[in-house]
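This note's numbering numbers the first residue of the sequence shown as 26 and each following residue consecutively.
In this text, a Cβ means the ideal position worked out from N, Cα and C, and glycines have one as well.
Predicted, not measured: the structure shown is a model, and the values here were computed from it.
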Amino acid sequence: MKSWPELPERLNELTYKIIGAAMAVHQALGAGLLERVYENALGVELERQDIPFQRQVPVQVMYKGVQVGKGSIDLLVDETVVVELKVVRRIIDAHVAQLLTYLQAGGYPLGLILNFGVARLKDGGIRRVILSHNGA
């Protein structure tokens with residue numbers, strides 16, 4: 026697993042910027058468009074802020090040392106924060122479980138679920154998930 030020195034402050038600043046970018050996108054586009062539209066728009070915002078990111082990063086799902094499936098991280102920001110985008114009525118436990126799987130598989134310390142299906146992101150559209158040292 027990767028080592029993340031200075032984790033708290035660096036990640037707090039980065040997540041603040043990501044959430045700010047997401048709020049700008051949501052304010053401009055509103056709710057209910059396709060997930061891919063928000064991914065593209067959030068990419069534009071991150072680029073404008075010179076925040077490095079990758080789109081659709083592949084994740085291998087392993088079972089007893091054998092790859093049994095694949096997933097795809099919507100956005101990996103600064104090789105540290107996994108961002109999963111949703112357009113749903115509300116974030117549910119299955120969304121959190123998916124994000125935790127991606128965090129564990131890639132050894133990433135933190136993830137965000139951003140739900141663009143709500144009227145306002147700050148009202149239940151943001152979930153921050155931290156991978157603890159014991160794996161969840």
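Problem - Coil, strand or helix - Tyr88 by DSSP - result: strand
Practice task
Spell out a yes or no on whether the stretch 115 to 125 and the stretch 72 to 87 are touching, meaning 3 or more CB-CB pairs, one atom from each, closer than 8 Å.
Solution key: no
Problem - Beta-carbon proximity of Lys95 to Val107, cut-off 8 Å - result: no
Handout entry: Nearest neighbour of Leu125, chosen from Ala144, Val86 and Val69 [CA to CA]
Key = Val86
Handout entry: Pro134, buried or exposed, once every other Cβ within 10 Å from all chains shown has been counted against 16
Key = buried
Handout entry: Whether Gly150 touches Val112 by CB criterion (8 Å)
Key = no
Problem - Exposed unless 16 or more other CB atoms sit within 10 angstroms - verdict on Val91 - result: exposed
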